[in-house]
Structures are given as structure tokens and as C-alpha cells.
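Colleague: Pasting a structure here, questions to come.
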Amino acid sequence: MSKINLFFITFIIVLSIFQVIIFNSNSTAGANLSKLLNEIEAIEKNNDIINREIARASSIATISEKASASGLITNQHIVSLTVPLPLALSGRSSL
Amino acid sequence: MERRLRFVFNLFCFLFITVILRLFFWQVTSFDKLKSAAEKQTLTSLTIAAKRGRIFSSDGSPLVINQPAYLLFVEPYKLKDIENTSTILANVLDIPVASIAATLSDTKLRWVPIADKLDEKKFEEIKKYNLTGIGFLENSKRYYPESSMAAHLLGFVGKNSTGIDQGYFGLEGYYDEQLRGRDGRLKIEEDALGNPILSGKIEEIPAENGRDLYLTIDKTVQFIAENKLKEGIEKYGAKGGSVVLLEPYTGAVLAMASFPSYDPGVFSSFPTEYYKNPVIVSSYEPGSTFKVLVMSAVLNEGKVTPDVKYNEEGPIEVGGYIIRTWNQKYHGEIDLAKILEYSSNVGMVFVGGKLGHAPFINYIERLGFGNLTEVDLEEETSSSLRPKNKWYEIDYATASFGQGIAVTPLQMVRAVTTIANGGKLMRPYLVKKIRDSKGKEIEILPKTEAKIFKPETTNVVAEMMAGAVNNGETRFLNPSRYRIAGKTGTAQIPISGHYDTNKTITSFVGFAPVDAPKFIMLVTLSEPTASPWGSETAAPIFFNIAKELFSYWGISPS
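In C-alpha cells form, the structure reads like this:
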């Protein structure tokens, strides 16, 4: 038997052993993968719930309700820091 | 001996051929069938549900998002205690016991859905009983953080005839294809325990989540508009009402509110007639608010100048009909600004007459009446204009002051936007940006549909409208030192060929600040009982909203 043939036979045997080892280790990795996928799903679900709670807490309806409950009221008068022009300079009769 | 050998040889040949043929049958002829049968035993096929796109307001706040939900199903043949299970489910789901018991007792059924879109709370409540024969499938449902706010705009998600989620009305209906996304599929080889075999066959077509919509709607403006409208409807005893706010230079919708409304989260609890958005569906006669458009048309055509005088001396007769002013008061010689200020019907007949019949209809058509505005909402409708050969003298006369012509609130406010923005007719729109699940964005730009009026014309009419606010019936409502252009409208409701004298639709259309309008708003009230006039019902709501907007946007007095 030539050296080349011997090399190929050995190589095939080594690969076969590797295949068995990898398949063997992968046979339990499926369960781990399944566990990880479930965890991702649970985290995504929690994320959706938290997003919902944040959206509810920061909604304008909730803020307005809390502001009213705290005694805050809407300012009924507009306060302007600018000084109105004298009538003669405003150029408008409607003022 | 030779004969026996030949027989054995032939028998072997026959058996060999039979085996070959059988193998051919299995491996070639039945290949697909057997492969599929084998895959059924080892491969699990799953649908990866695409998440429906979310909807955000202009500041990025969520208006519609998704939340976990569950489909509750029962396998009746697995049930142990039907009576107890029925009672528990009936209590939690608020369904009659008899109805559930009848379903659960039917042992011929293998799998029956009992309730869909259950929230987390109900899911946990049922789960804690640990009932046999009961199961859940996880899905999602819409959640509205602002509750029923902007319900008419948003629409809702229901089931179509095949049981698949589908958007109906408003944005959910119009953008259903964009929001829906595309479900994915996963084929994976599994072991006896249901765990994936990593070295086995895995085929995945990933799900493509729906696209998110970013609106032009400002949620604070929407909130203010809804609150003030609701207060106004209660105060003036109206049957309903609407408010629509646009950005004059772009046509972007800032707020759109109508009452009566509904909660899209529990839409099935409300009458179906509430689902339609009155701003784009309900036609009404605009009344005096229409006068500003006729006035703009006649000035734009150069048929009259603003200082032309009209002698308002009494009722006039047109085509055998008598036309009067709304309050039976006549002011003698008045100019065009005063015609608007006094909201003179007879004055407007004079103005409409100066415009001429053909230009009159031409302007109505070019301003978009009789056609859809093509706003991005599902259910828009429009009343048709009367055929040109069916317009008689009296029709031109009454149309000049807004009677005998039907418009939707959105058509009306869009038309008046031309006066606020220098003459351009804009296409109203609600979605300014669409973002897909990979982050790619599509910007939606404002669209100018037509150039209707010259800026010189709109400047003059805007000043006339400002004068109407300052000196007309609404002068006590105008916040001091703010320049607001506006016009009241009161239209009787046509019923069976005549006008009901007791029922009106009141309105107020206006924009502010006059010199650089930040918003244009139309308020309409249906059948107010406190007063039949626009100046006493719709106008106060307009000014209440405007005052809040001045504070919110930090608009200083002129």
C-alpha cells in the first residue's frame, strides 16, 4: 500500500471520528438552542409589556390626569413679554 | 436437472426484477410522496408571525403599538370536568356559561377556538386553574396608549373573512399592506423531545415585520382639539362635531377630531356608524364660510376691486326666490370687506354675479369640491357637484353664500388653506415618514395640487377675514393683540327637499397668525341646541383651541 493511500485512509478515519464527535456534541445542543430561543421569546414578550407600560405612563392622557390630580391647572391668560406698539405706529385700526 | 435449474434461474430473475421495479416505484415514482411523508415525521414547520407596524405621532410618541395576546382554544375530547371548565371560562371571559358549555360538550370537535386576543391578565387568570384540554396560542394585539384619542384617524384592526388580522378605516385601513408585513416560515428537524436537531435540515424564510408610520399629527394639538371640542359639544348641546387643523404651507394634518367617537381597542362595543370619520365622509352645506372662497375668486379674476361698493338696501329677488340677510338687517352702501364682516347674503349674490357663471363653477372645481382630497385615510367620500347644465340662476345665487353645495370638512378647510398660504391648493396628508424593519426610511413630501389664487388676492382676503374677526360677531372672542383671520358659518340642514329651520350645522374656519399662518382650523358643530349660530357655538371652540395653541407653540401677539 502506497503512502498516499495510507494517508487518505487515515484521513477518512479521522474525519469520520470528528463527525461522530461533532454529531454527538450537537445532539444535546438542540435542547440548549431550544432553551435559548424560549428565553429570547420571553425577553421579547417582557420587552413588549414594558414598552406598553412606558407608553401608558408617558401618554398625554395619563400626564394630564396626574397633573389635574396634583392640582395643576391650565393658564387661562396669555402673558406676553413684548410691549405692544403705540396705536399710532401699529398702522391698524382694529387694535 | 437443467429444467429445474432454468426454473430457479427464472424465478431469481423474476424476483430480482420485482425488487428492482419495487425500488423504482419507491425511489423514483413515489419519491416526492415518500420524501414528504418522511419530512412530516421529522420536520416541523412553523409560521413566524410578522409583527404589525406601529404608528407614532410627529414627536415619535407611540399612538399604536403591539402587546402580547393569546388565542384560547379547547380540545373537547380531552376535557375531564366540562361543567367546572365552562363556569371558570365563562366567569373570566364574561361569556354566558350555556354558550361555552354547549361548545365544550360537543366531543366530535377536536379543536375549538374559544376567545382570541386575550390580554396578559386574563391569560394568567385562566392559566392558574391548570385546566386539562385548554391551551393557548400566542399572538399579538394592538394597544393604544392614548386610549380613544384620534380613533377616527387610526382606525382599528379586526379579522377578515379568512380570519386574518386586517386594518379597517383610517390609517390602519389605508396603510394595511404596509403595516401588515409578511409572515415567515421555519422548517426544522426535531428529535422525539421536540428539540431542534442542529445537524439536521433547517430551512428558514424570515418574517418581514410591518412598516412603522410616523404621522404629521401633533399629539398635544390633537389632545387640545379633542378636549375643547368635547367641552364645546356638551356646552352647546350639539349632536356631534369635528375639528380639523392643517399646516397651511404643506397640507400636513396637525389634528383631526370628531365626536361621537369610539375606542379602537374595543371597537366592537360601539355602533358601526361611529367608525366613519365625519371629517372626510360627512357632507354638509358650508354656509357663510364659503363666502371667503367666492370673494377670493372674484378678486383673483379682477372682476371687482376691494373698494367697490354695494348698496345693501333690502331683500333681493333671484329666479322667483327672495334672498335676505341672515339677521334681516341692511346696511346701505358697503364695500367688499363689510360684506364679509356683516356676512351679507345679498352682498354675496352681488359678488357672485360679478364673477360670472362659468368662472364660478371653474373655481369650485379647481378648489377640489366634488372630488376626493386623496388624503391618506381609507374611507374618504365626496358629494358630486351638480352637472353644469343643471345650474340655474338661483343655484349660483345661493352657492355664493354657501347653500346648495355639499362639501366635507376636509375639502372645505383645504380650500380655505389657499387663502392662508398664498393661493396653493395642497394635498392633505397624515403620514410623513414610513420606516421598514431594517431601518430604511421613506419620506413623504408635501404636494401642491394647483395654484389657484394670486398672493395679492389672498393677502386682501386674509385681511378681510381678519377684519371679520375683529369687527364682526366674534370680536369679543378674539384674544387681544393676536391677528386671526376667520369666518363663521351657519347652514340649515336640507331635509326632504326643504331646509329644517330648527336644525343647523355651525362652523368657523380661520387661520393664525394672519401674516405667517402656523395653522388653519375648521370647527363644525352638528345641530347645536344652545344657539343655531356659528358665531355663538363653533367660533368659541375655535378661539379656545387657538388660545391654547398660541401658548403651546409660543406664538407672540402681533
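Protein chains in written order, with this note's numbering: chain Z, 732 to 826; chain W, 8 to 565. C-beta: ideal position from N, C-alpha, C; glycine also. Model, not experiment: these values are computed from the prediction.
#1: For Leu746 of chain Z, I'd like the list of residues in its chain whose CB is within less than 8 Å of its CB, leaving aside the five on either flank, ordered along the chain.
#2: Counting contacts by CB-CB distance shorter than 9 Å, is Gly217 of chain W in contact with chain Z?
#3: Please confirm if Tyr150 of chain W has its CB atom under 9 Å from at least one CB of chain Z.
#4: Are Gly188 of chain W and Ala57 of chain W closer than 9 Å when you measure CB to CB?
#5: For Ser249 of chain W, I'd like the list of residues in its chain whose CB is within less than 6 Å of its CB, leaving aside the five on either flank, ordered along the chain.
#6: Using a 10 Å radius around the Cβ and a threshold of 16 neighbouring Cβ atoms, would you call Gln48 of chain W buried or exposed?
#7: Just checking: is the beta-carbon of Gly822 of chain Z within a distance shorter than 9 Å of some beta-carbon in chain W?
#8: Give me the Cα-Cα distance between Ile95 of chain W and Gly60 of chain W, rounded to the nearest whole angstrom.
#9: Give me the Cα-Cα distance between Gly191 of chain W and Ile62 of chain W, rounded to the nearest whole angstrom.
#10: How would you label Phe550 of chain W, buried or exposed, when you count the other beta carbons within 10 angstroms and need 16 or more for buried?
#11: Given that a residue counts as buried once 16 or more other Cβ atoms are within 10 Å of its Cβ, and exposed if not, what is Ser799 of chain Z?
#12: Interface residues of chain Z around Asp198 of chain W at Cβ under 9 Å?
#13: Counting only C-beta atoms, is Leu826 of chain Z closer than 9 Å to chain W at any point?
#14: Does the Cβ-Cβ distance between Asp522 of chain W and Arg490 of chain W come in under 9 Å?
#15: Identify whether Phe742 of chain Z lies in helix, strand or coil by the three-state DSSP scheme.
#16: By DSSP, does Ile240 of chain W sit in helix, in strand, or in coil?
#17: For the stretch 27-87 of chain W, which segments carrying the beta strand (DSSP E) assignment without a break, of at least 3 residues, lie completely within its bounds, in sequence order?
#18: What are the partner residues of Lys458 of chain W, as DSSP defines its beta bridges?
#19: Tell me which same chain residues have a C-beta within less than 6 Å of the C-beta of Gly496 of chain W, skipping the five on either side of it?
#20: Find the residues of chain W that neighbour Lys776 of chain Z, judging by a C-beta separation of less than 7 Å, and give them in chain order.
#21: Glu153 of chain W touches chain Z at which residues, Cβ-Cβ below 8 Å?
#22: Could you tell me the distance, in whole angstroms, from the CA atom of Leu826 of chain Z to the CA atom of Val476 of chain W?
#23: Chain W partners of Ser765 of chain Z, CB-CB under 8 Å?
#24: Tell me whether the beta-carbon of Leu261 of chain W lies closer than 9 Å to the beta-carbon of Thr223 of chain W.
#25: Report the neighbours of Thr609 of chain W on chain Z: residues whose CB is nearer than 7 Å to its CB, in chain order.
#26: If you run the structure through DSSP and keep just helix, strand and coil, what is Leu764 of chain Z?
#27: What are the boundary residues of the beta strand (DSSP E) that includes Leu120 of chain W?
#28: Whole angstroms is fine: what's the gap from Glu46 of chain W's alpha carbon to Asp779 of chain Z's?
#29: Would Phe754 of chain Z pass as an interface residue toward chain W - the criterion being a Cβ-Cβ separation below 9 Å?
#30: Taking C-alpha atoms, which residue in W:Ala105, W:Lys135, W:Gly140 lies nearest to Ala120 of chain W?
#31: For a contact meaning CB atoms closer than 7 Å, what does Met156 of chain W contact in chain Z?
#32: Which same chain residues end up closer than 7 Å to Leu111 of chain W when comparing Cβ atoms and leaving out the 5 residues on each side of it in sequence?
#33: Just list the alpha helix (DSSP H) runs in the stretch 90-153 of chain W, keeping only unbroken ones of 4 residues or longer that don't cross its boundaries, in chain order.
#34: Within 9 Å of any Cβ in chain Z, is that where the Cβ of Ser93 of chain W sits?
#35: Going straight from the alpha carbon of Tyr282 of chain W to that of Lys235 of chain W, what length do you get?
#36: Could you give the first and the last residue of the continuous beta strand (DSSP E) run that contains Ser533 of chain W?
Modeller: For this structure:
#1: none
#2: no
#3: Under the Cβ criterion of 9 Å, Tyr150 of chain W is counted among the residues facing chain Z.
#4: Ala57 of chain W sits close to Gly188 of chain W, with the two beta carbons spaced by under 9 Å.
#5: Ser265, Pro285, Val286, Pro416, Thr531
#6: exposed
#7: With a pLDDT of 46 at Gly822 of chain Z, under the threshold of 50, the modelled position of that residue is not reliable, and the figure given next carries that caveat. With 9 Å as the cut-off, Gly822 of chain Z does not count as an interface residue toward chain W.
#8: 35 Å
#9: 22 Å
#10: Phe550 of chain W comes out buried.
#11: Ser799 of chain Z is exposed by the Cβ-count criterion.
#12: Ser758, Gly761, Ala762
#13: Residue confidence is low: Leu826 of chain Z scores 35 on pLDDT, short of 50, so the model does not pin down where it sits. Its coordinate-derived value is still stated next. Cβ-Cβ to chain W under 9 Å: yes for Leu826 of chain Z.
#14: yes
#15: helix
#16: Three-state DSSP puts Ile240 of chain W in a helix.
#17: Those beta strand (DSSP E) runs which fall completely within the stretch 27-87 of chain W and span 3+ residues are 50-55, 69-81.
#18: Among the bridge pairs identified by DSSP, Lys458 of chain W is matched with W:Lys431.
#19: These residues qualify, in order along the chain: Pro293, Gly294, Ser295, Thr296, Ser514, Gly541.
#20: Simply Pro75.
#21: Ser790, Ile791, Ala792
#22: Caution applies to Leu826 of chain Z, whose pLDDT of 35 falls short of 50 and renders its modelled position unreliable; the model cannot decide the point.
#23: Gly201, Asn202, Pro203
#24: yes
#25: The structure shown has nothing for residue 609 of chain W, since chain W only spans 8 to 565.
#26: Helix, per DSSP.
#27: Strictly speaking, residue 120 of chain W in this sequence is Pro, with Leu absent from that position. Per DSSP, Pro120 of chain W belongs to the beta strand (DSSP E) from 119-125.
#28: 35 Å
#29: For Phe754 of chain Z, the answer is yes, since a Cβ of chain W falls inside 9 Å of its Cβ.
#30: According to the sequence shown, residue 120 of chain W is Pro rather than Ala. Residue W:Gly140 is the option with its Cα nearest to Pro120 of chain W.
#31: Ala792
#32: Val81, Pro83, Leu86, Ile89, Thr92, Ser93
#33: 104-112, 127-134
#34: no
#35: For Tyr282 of chain W and Lys235 of chain W, the distance between alpha carbons rounds to 21 Å.
#36: 526-533
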